[in-house]
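> Submitted below is the structure of interest, expressed as structure tokens.
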Amino acid sequence: MQDDGPKVNVRVWDLPTRLFHWTLVGLVAASLITGKLGPMHLHQASGLAILALILFRLAWGFVGGTHARFADFVKGPRAAFDYLKGRAYYIGHNPLGGLMVLALLALLPLQATLGLFGNDDISYDAPLSKFISKSASDAATGWHGLSFKLILVLVALHVGAAFYYLIARKDNLIRPMISGWKSLPASLAHHQAEMGHPLLAAGLLAVAGLAAGGLLLL
Ligand code: HEM
Numbered sequence: 002m003q004d005d006g007p008k009v010n011v012r013v014w015d016l017p018t019r020l021f022h023w024t025l026v027g028l029v030a031a032s033l034i035t036g037k038l039g040p041m042h043l044h045q046a047s048g049l050a051i052l053a054l055i056l057f058r059l060a061w062g063f064v065g066g067t068h069a070r071f072a073d074f075v076k077g078p079r080a081a082f083d084y085l086k087g088r089a090y091y092i093g094h095n096p097l098g099g100l101m102v103l104a105l106l107a108l109l110p111l112q113a114t115l116g117l118f119g120n121d122d123i124s125y126d127a128p129l130s131k132f133i134s135k136s137a138s139d140a141a142t143g144w145h146g147l148s149f150k151l152i153l154v155l156v157a158l159h160v161g162a163a164f165y166y167l168i169a170r171k172d173n174l175i176r177p178m179i180s181g182w183k184s185l186p187a188s189l190a191h192h193q194a195e196m197g198h199p200l201l202a203a204g205l206l207a208v209a210g211l212a213a214g215g216l217l218l219l
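Here it is, written out as structure tokens:
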């Protein structure tokens, strides 16, 4: 639904959600580089950090700010259809963007988990590979490579969509993910989104970090 009328700035994304997003971008880039060039202990560290971050985000999807919650953006196909037809306006993620978020939040931990069972056939055996046979570890390594390609496709679609909205629809979704504030039609000026508490986020992140780091002790 296009609205070319007056706009107001409204706070939409809380700080933990924004920090989550841009830290994730950095860690995915770090994983890509260290996966290609090594060293493997840094690749392992960035993979575990991604796992911790996603565990945090899954919990944040229940107790975070209004628009970070799954209840706010996980919608059925009908909502996606209505959105495509231009019949609905969304302040947080639209139903299609929400599907992409879910896909990334599912695939990234799968990717990290497969990596934890892998090996590089030279000098590196991932921490959990000792619990499975060499052939199963080789298979996990193969799937790790395959799911990585899928993630690259999703990221390309995701970033492409963000720039499509920016250029073709003149709707800047990137700036709100940085500043937290979104420019909305003036008719939505009354909108009050709850922001998740940063201390709660810090606590959840600490627990998620301990859980992911604890895998090294197995
Ligand atoms: C420069 C690259 C990127 C840009 C410009 C970008 C932009 C954005 C924007 C604008 C949103 C909010 C969409 C909306 O308003 O509904 C978003 C959300 C999201 N992006 Fe990205 N993104 C980038 C890279 C990535 C990468 C590499 C990943 C992961 C592999 C990623 C994962 C996510 C996730 C999981 C969310 C949901 C955030 C949340 O609700 O917590 N993004 N991104």
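Residue numbers 2 to 219, in our numbering, belong to the letters of the sequence shown in order. Cβ coordinates follow ideal geometry from the N, Cα and C atoms, glycine included. Since we're looking at a predicted model, the values are computed, not measured.
What does DSSP give as the partner residues of residue 183 in its beta bridges?
For the purposes of this step, residue 183 is taken as residue 182 along the sequence shown, with counting starting at 1. According to DSSP, which records beta bridges pairwise, residue 183 is partnered with 11.
> Among 132, 31, 126, which one has its Cα closest to the Cα of residue 142?
Position 141 of the sequence shown, counted from the start, is the residue given in the question as residue 142. When only C-alpha atoms are compared, the closest one is 126.
> Where does residue 139 sit, in a helix, a strand or coil, going by DSSP?
For the purposes of this step, residue 139 is taken as the residue at position 138 of the sequence shown. Three-state result, residue 139: helix.
> On the three-state DSSP scale, how would you describe residue 5?
Looking up residue 5 in the sequence shown gives position 4. Coil, per DSSP.
> Please confirm whether residue 54 and residue 25 have their CB atoms less than 8 Å apart.
The residue you call residue 54 lines up with position 53 of the sequence shown. The residue you call residue 25 lines up with position 24 of the sequence shown. Going by C-beta atoms, residue 54 is nearer than 8 Å to residue 25.
> Under a Cβ-count criterion, where at least 16 other Cβ atoms within 10 Å of its own Cβ denotes burial, should residue 76 be classed as buried or exposed?
What you label residue 76 is simply residue 75 of the sequence shown in a count that begins at 1. Its Cβ being crowded by 16 or more others within 10 Å, residue 76 is buried.
> Comparing alpha-carbon positions, which option in 72, 112, 43 lies nearest residue 146?
As a working mapping, residue 146 is identified with position 145 in the sequence shown. Checking every option, the nearest Cα to that of residue 146 belongs to 112.
> Residue 19 and residue 182 - do their beta-carbons sit closer together than 8 Å?
Along the sequence shown, one-based indexing puts residue 182 at 181. Along the sequence shown, one-based indexing puts residue 19 at 18. Not a contact, by the Cβ cut-off of 8 Å.
> For the ligand HEM, I want to know if residue 98 counts as a neighbour, meaning its beta carbon is within less than 7 Å of at least one of the ligand's heavy atoms.
As a working mapping, residue 98 is identified with position 97 in the sequence shown. Residue 98 Cβ: within cutoff of the ligand HEM.
> Measure how close the beta-carbons of residue 64 and residue 206 come, nearest whole angstrom, since I'm counting them as under 8 Å.
Within the sequence shown, numbered from 1, the residue matching residue 64 stands at position 63. Within the sequence shown, numbered from 1, the residue matching residue 206 stands at position 205. Not quite, the Cβ-Cβ distance comes to about 12 Å (not below 8 Å), so this is no contact.
> What residue from 67, 153, 51, 109 has the CA that sits closest to residue 92's CA?
As a position in the sequence shown, residue 92 is number 91, starting the count at 1. Cα-wise, what sits closest to residue 92 is 67.
> Going by beta carbon distance, what residues of the same chain come within less than 6 Å of residue 89, once the five residues before and after it are set aside?
Within the sequence shown, residue 89 is the residue found at index 88, counting from 1. 83.
> Cutting at 6 Å between CB atoms, please list the residues of its own chain near residue 74, excluding the five before and the five after it.
For the purposes of this step, residue 74 is taken as residue 73 along the sequence shown, with counting starting at 1. Here the set comprises 93, 94, 99.
> Let's see if you can read the secondary structure: which residues bound the alpha helix (DSSP H) around residue 32?
On the sequence shown, position 31 is the one that residue 32 refers to. Taken as a continuous stretch (DSSP letters only), the alpha helix (DSSP H) holding residue 32 covers 16-38.
> Would you please state the rounded distance, in angstroms, between the beta carbons of residue 78 and residue 217? I believe it to be under 8 Å.
Taking the first residue of the sequence shown as position 1, residue 78 is located at position 77. Taking the first residue of the sequence shown as position 1, residue 217 is located at position 216. Between residue 217 and residue 78 the Cβ distance is about 41 Å, and since that is not below 8 Å, they are no contact.
> Enumerate, from N- to C-terminal direction, the unbroken beta strand (DSSP E) stretches of 3 or more residues contained entirely within the stretch 67-114.
List check, beta strand (DSSP E) in window: nothing returned.
> Going along the chain, which residues of its own chain have a beta-carbon closer than 8 Å to the beta-carbon of residue 110, five neighbours each way excluded?
Here residue 110 refers to the residue found at position 109 of the sequence shown. The residues are 51, 52, 55, 56.
> Excluding sequence positions up to five away, which residues of its chain have a Cβ less than 6 Å from the Cβ of residue 96?
On the sequence shown, residue 96 is found 95 positions in, with the first residue counted as 1. So the qualifying residues of the chain are 76, 80, 81, 84.
> So with Cβ pairs under 8 Å, would you call residue 76 a contact of chain D?
Annotation note: the requested chain D is absent from the structure, which comprises a single protein chain.
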